[in-house]
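There are 2 protein chains.
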Amino acid sequence: MTSQPHMISRLRCLPLSAAALLTLWATGATAQPAGDPLPSWNDTASRHAIVAFVDKVTRAGSPDFVAVAERIATFDNDGTLWSEQPMYVQAFFAFDRVKALAPQHPEWRQKEPFASILKGDVKAALAGGERALADIIMATHAGTTTEEFEGVVRDWIGTAKHPKTGRLHTEMVFQPMLELLTYLRANGFKTFIVSGGGIEFMRPWAEKVYGIPPEQVVGSSIKTRFEVRDGTPVLLRLPELNFVDDKAGKPVGINMHIGRRPIAAFGNSDGDLQMLQWTAAGPGPRFCLYVHHTDAAREWAYDRSSHVGSLDKGLDEARAKGWVVVDMKNDWKVIFP
Amino acid sequence: MTSQPHMISRLRCLPLSAAALLTLWATGATAQPAGDPLPSWNDTASRHAIVAFVDKVTRAGSPDFVAVAERIATFDNDGTLWSEQPMYVQAFFAFDRVKALAPQHPEWRQKEPFASILKGDVKAALAGGERALADIIMATHAGTTTEEFEGVVRDWIGTAKHPKTGRLHTEMVFQPMLELLTYLRANGFKTFIVSGGGIEFMRPWAEKVYGIPPEQVVGSSIKTRFEVRDGTPVLLRLPELNFVDDKAGKPVGINMHIGRRPIAAFGNSDGDLQMLQWTAAGPGPRFCLYVHHTDAAREWAYDRSSHVGSLDKGLDEARAKGWVVVDMKNDWKVIFP
Chain A
1 MTSQPHMISR
11 LRCLPLSAAA
21 LLTLWATGAT
31 AQPAGDPLPS
41 WNDTASRHAI
51 VAFVDKVTRA
61 GSPDFVAVAE
71 RIATFDNDGT
81 LWSEQPMYVQ
91 AFFAFDRVKA
101 LAPQHPEWRQ
111 KEPFASILKG
121 DVKAALAGGE
131 RALADIIMAT
141 HAGTTTEEFE
151 GVVRDWIGTA
161 KHPKTGRLHT
171 EMVFQPMLEL
181 LTYLRANGFK
191 TFIVSGGGIE
201 FMRPWAEKVY
211 GIPPEQVVGS
221 SIKTRFEVRD
231 GTPVLLRLPE
241 LNFVDDKAGK
251 PVGINMHIGR
261 RPIAAFGNSD
271 GDLQMLQWTA
281 AGPGPRFCLY
291 VHHTDAAREW
301 AYDRSSHVGS
311 LDKGLDEARA
321 KGWVVVDMKN
331 DWKVIFP
Chain E
338 MTSQPHMISR
348 LRCLPLSAAA
358 LLTLWATGAT
368 AQPAGDPLPS
378 WNDTASRHAI
388 VAFVDKVTRA
398 GSPDFVAVAE
408 RIATFDNDGT
418 LWSEQPMYVQ
428 AFFAFDRVKA
438 LAPQHPEWRQ
448 KEPFASILKG
458 DVKAALAGGE
468 RALADIIMAT
478 HAGTTTEEFE
488 GVVRDWIGTA
498 KHPKTGRLHT
508 EMVFQPMLEL
518 LTYLRANGFK
528 TFIVSGGGIE
538 FMRPWAEKVY
548 GIPPEQVVGS
558 SIKTRFEVRD
568 GTPVLLRLPE
578 LNFVDDKAGK
588 PVGINMHIGR
598 RPIAAFGNSD
608 GDLQMLQWTA
618 AGPGPRFCLY
628 VHHTDAAREW
638 AYDRSSHVGS
648 LDKGLDEARA
658 KGWVVVDMKN
668 DWKVIFP
């Protein structure tokens, strides 16, 4: 487990990446050969590598054949399945939640970091560092039952829009990755999310958006406690960190939840590096892929020096080990659905 | 979570239930109607209740129809899927492991609780209470990589035999429950183990024995740490408790791993009560079942005063709420395969 709680620290850099902003992109559907499972992927090396791997692990008689039960594929979420700029979607949620809860907390108008959030000054809110971030997370993610929190997330994700694109966040998922998820499942893979984001923040919509059911979502979490309230059992969300599913935490989370080593893993940042290392180190055929954000026109372009989703060591290791590095600009015909 | 670590405390009562010992049983296969999915179940109220529930949640047009994705069924392991007397199988494993590791620990011959275990005096070994139990667990379950531990468990479970029956522990699973697992899966249910036992102790054999894959096993755990050793990534098992999946921990573990509330839950002790309460409290059709050990001739007979697998409060609540209580002696034609 990382010593620094990522679910919190990942919020720290929110307003800093404004330089790389989305401008315009083309989403026009292009004609595809009938039955092409990956119509949004250009005919480049990335696509070839994906198809070749799936073929060799699924074709009867292949020396690299892998039994269906062992076809485990894990996907990071932020920056791998949907956009993460200029800040993680869960950070948008946390700030909106502070505003929504403010009427029940009149003291927040005088109390940082809430006072600055309510004034719209995110930078000042975050001047308080880790302590401020922990306060924001716990004030917005704890204190409800699990069912209440699920309802809050469902309501928010159904209406909240990205400030730059005006789209729902769930419309800013990557069409080529949706096709890849479907393609893998059609070939007997079980697909999991393994994200630094909150497990209970993703589960309410991951099945609808990605086709990934709650029991296949691994993420960071706070503790819960079982209580019987007036005869009704509830799980209460506590203001206490339980697990940080990032960096060296990702293999730990994979082992805890899945109990098998993936044969394929997909990420976009250094936060995914240990998941890819763990995947690559298993016996038999392995597939590791980084999504490299290279498209400032249609999405964002960032890597080594990004405050959100930095890809630095991972990029070097991917090149050294021959992992697939998707060039979003050249490999993907469209970005969003 | 419980304040008392059950994975440890469950070991405390090992030698005390010797009064109720297995004698003989008949396992002769009996003729069944072709296609009967539950041939080892007598034609009693328990069987009727199971079949009626499955029918109403799966029949198209039924007012109680439940979508396949929501057909989650959770099963306790010890005492529900296999025998747990005179002590938990994992306790047999821990003691055998102390003996196997003893040559590497010459100091154990002078050090409790190990010295007493090596002399075969379990009662004296456990005189040290919680501290002794924690020492046994950590000495036998931590200090290896996850892959090494998996190999140790596989080797042990493939050869270790129950001291009274002379059978492999995996041959002391309950045939009617195996049929029930298969029957539920054939009706679109996803079956999970939710056990106070160690998650990494169950996963190596649960798929072969129960048809339940590693990603559908929830249990107690110690912490792990990701490390790169001489270029090879490993997960090291640490002598530190991570999660206790028992009593009030069961709904917590279910929420963490599954993220949906079961519609059916199966247990045999008060350690399962909160899982059954959590299951029963959801909306729509629900099914809760206790296996009541009533067959001293073919297995063991115990409930309220048992040191292992006590069923006291749960028995009262089951009767008050109309949950199914399986009478092993009268409801099951055979116990073991």
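Chains as they are written, first to last, in our numbering: chain A, 1 to 337; chain E, 338 to 674.
Every residue, glycine too, gets a C-beta built ideally from N, C-alpha and C.
Would you give the residue range spanned by the beta strand (DSSP E) that His630/E belongs to?
Numbered from 1 along the second sequence, position 293 holds the residue referred to as residue 630/E. Note, His630/E: beta strand (DSSP E), 624–631.
Let me know the alpha helix (DSSP H) ranges lying completely inside the segment 479–523 of chain E, each 4 residues or longer, listed in chain order.
483–494, 512–523
For Trp615/E, which residues in the same chain have their Cβ closer than 6 Å to its Cβ, ignoring the five residues on either side in sequence?
As a working mapping, residue 615/E is identified with position 278 in the second sequence. Result list for Trp615/E: Pro588, in chain order.
If we ignore side chains and look at the alpha-carbon of each, how far apart do Val555/E and Asp472/E end up?
As a first step, residue 555/E must be located in the second sequence, where it is residue number 218. As a first step, residue 472/E must be located in the second sequence, where it is residue number 135. Their backbone Cα atoms lie some 23 Å apart in a straight line.
Is the shortest distance between the beta-carbon of Leu236/A and the beta-carbons of chain E less than 8 Å?
Counted from its first residue, the first sequence places residue 236/A at position 236. Not closer than 8 Å to any Cβ of chain E, the Cβ of Leu236/A fails to qualify, so no.
By alpha-carbon positions, which one of Lys501/E, Ile672/E, Arg540/E ends up nearest to Gln422/E?
Walking along the second sequence from the start, residue 422/E turns up at place 85. For the residues Lys501/E, Ile672/E, Arg540/E, the minimum Cα distance to Gln422/E belongs to Lys501/E.
Counting only beta-carbon separations shorter than 8 Å, does Thr519/E have a partner in chain A?
What you label residue 519/E is simply residue 182 of the second sequence in a count that begins at 1. For Thr519/E, the answer is no, since every Cβ of chain A falls outside 8 Å of its Cβ.
Regarding Ala94/A and the ligand MN, is the C-beta to nearest heavy atom distance less than 7 Å?
As far as ligands go, the structure on display features none, and thus does not contain the ligand MN.
Measuring CB to CB, does Val57/A end up less than 8 Å from Ile263/A?
The residue you call residue 57/A lines up with position 57 of the first sequence. The residue you call residue 263/A lines up with position 263 of the first sequence. Taking 8 Å as the Cβ cut-off, Val57/A and Ile263/A qualify as a contacting pair.
Which same chain residues, not among the five before or five after Gln553/E, have their C-beta less than 6 Å away from its C-beta?
Stepping through the second sequence from its first residue, residue 553/E is reached at position 216. Closer than 6 Å at the Cβ level, and outside the excluded window around Gln553/E, lie Phe529.
Interface partners of Asn605/E on chain A, CB under 8 Å
Residue mapping note: residue 605/E aligns to position 268 of the second sequence, counting from 1. Correct list: empty, because the minimum Cβ distance to chain A is about 19 Å.
Give the list of continuous alpha helix (DSSP H) stretches no shorter than 4 residues that lie fully inside the segment 559–602 of chain E.
586–594
Could you spell out where the alpha helix (DSSP H) holding Ala94/A opens and where it closes?
Sequence index remark: in the first sequence, residue 94/A carries index 94 (1-based). Segment 89–101, the alpha helix (DSSP H) holding Ala94/A.
Proximal residues of chain A, C-beta to C-beta of Ser291/E below 9 Å
Examination of residue 291/E is not possible in this model, given that chain E is present from 338 through 674 alone.
Give the range of the beta strand (DSSP E) segment to which Ala386/E is assigned.
Numbered from its first residue, the second sequence carries residue 386/E at position 49. Taken as a continuous stretch (DSSP letters only), Ala386/E belongs to no beta strand (DSSP E), being part of the alpha helix (DSSP H) at 382–395.
In three-state DSSP terms, what is Asp312/A?
By 1-based counting over the first sequence, the position of residue 312/A is 312. Note: Asp312/A maps to coil in three-state DSSP.
Roughly how many whole angstroms lie between the Cα atoms of Gln175/A and Pro214/A?
Sequence index remark: in the first sequence, residue 175/A carries index 175 (1-based). Sequence index remark: in the first sequence, residue 214/A carries index 214 (1-based). Near 21 Å, if we compare the C-alpha coordinates of Pro214/A and Gln175/A.
Report the three-state DSSP secondary structure of Ala404/E (helix, strand or coil).
One-based indexing of the second sequence puts residue 404/E at position 67. Ala404/E: coil per DSSP, three-state reduction.
Given 8 Å, three or more beta-carbon pairs between the segment 313–322 of chain A and the segment 266–281 of chain A
yes
Check this for me: beta carbons of Leu38/A and Glu179/A, under 8 Å apart or not?
Sequence index remark: in the first sequence, residue 38/A carries index 38 (1-based). Sequence index remark: in the first sequence, residue 179/A carries index 179 (1-based). Taking 8 Å as the Cβ cut-off, Leu38/A and Glu179/A qualify as a contacting pair.
Provide the residue span of the alpha helix (DSSP H) that contains Val209/A, from first to last.
Residue numbering aside, residue 209/A sits at position 209 when the first sequence is read from its first letter. Note, Val209/A: alpha helix (DSSP H), 199–210.
Which residues share a DSSP beta bridge with Thr528/E?
Position 191 of the second sequence holds residue 528/E. Per DSSP, Ala410/E.
Spatial neighbours of Ala125/A in its chain, beta-carbon cut-off 6 Å, leaving aside the 5 residues before and after:
Locating residue 125/A in the first sequence gives position 125, where the first residue counts as 1. Same-chain partners within the cutoff: Pro113, Ser116, Ile117.
Drop a sphere of 10 angstroms on the beta-carbon of His48/A, count the other beta-carbons inside from all chains shown, and report buried for 16 or more, exposed for fewer.
Counted from its first residue, the first sequence places residue 48/A at position 48. With fewer than 16 Cβ atoms within 10 Å of its Cβ, His48/A is classed as exposed.
Close beta carbons around Gly188/A, own chain, < 7 Å, minus the five adjacent residues each side:
Here residue 188/A refers to the residue found at position 188 of the first sequence. Here the set comprises Thr58, Val68, Arg71.
Does the distance from the C-beta atom of Pro239/A to that of Ala142/A stay below 8 Å?
Along the first sequence, read from residue 1 onward, the residue named residue 239/A stands at position 239. Along the first sequence, read from residue 1 onward, the residue named residue 142/A stands at position 142. The answer is yes: Cβ separation under 8 Å.
Measuring only the C-alpha atoms, how far is Ala160/A from Lys333/A?
On the first sequence, position 160 is the one that residue 160/A refers to. On the first sequence, position 333 is the one that residue 333/A refers to. Their backbone Cα atoms lie some 27 Å apart in a straight line.
Val388/E versus Asp36/A - alpha carbon distance
As a first step, residue 388/E must be located in the second sequence, where it is residue number 51. As a first step, residue 36/A must be located in the first sequence, where it is residue number 36. Roughly 44 Å between the two C-alpha positions.
Could you give the residue range of the beta strand (DSSP E) that holds Asp327/A?
Residue numbering aside, residue 327/A sits at position 327 when the first sequence is read from its first letter. Looking at the DSSP string, the run of the beta strand (DSSP E) that includes Asp327/A is 324–327.
Using the beta-carbon of each residue, which ones in chain E are nearer than 8 Å to Ala281/A?
Walking along the first sequence from the start, residue 281/A turns up at place 281. Those within 8 Å of Ala281/A in chain E are Thr569, Pro570.
Other residues of its chain near Arg261/A: CB distance less than 7 Å, five sequence neighbours each side excluded:
As a first step, residue 261/A must be located in the first sequence, where it is residue number 261. Answer for Arg261/A: Trp278, Thr279, Gly282, listed in chain order.
Is Val292/E helix, strand or coil when you go by DSSP?
The first residue shown for chain E is 338 and the last is 674, placing residue 292/E beyond what the model contains.
C-alpha distance - Val490/E paired with Leu101/A, whole-angstrom precision:
Along the second sequence, read from residue 1 onward, the residue named residue 490/E stands at position 153. Along the first sequence, read from residue 1 onward, the residue named residue 101/A stands at position 101. One C-alpha to the other measures close to 50 Å.
Just to make sure I have the definition right: I need the residues of chain E whose C-beta is within less than 8 Å of the C-beta of Gln85/A. Which are they?
The residue you call residue 85/A lines up with position 85 of the first sequence. What Gln85/A touches in chain E: nothing, since even the nearest Cβ is about 28 Å away.
Is the Cβ of Thr496/E closer than 8 Å to any Cβ of chain A?
Here residue 496/E is taken as the residue at index 159 of the second sequence, counted from 1. It does not; no Cβ of chain A falls within 8 Å.
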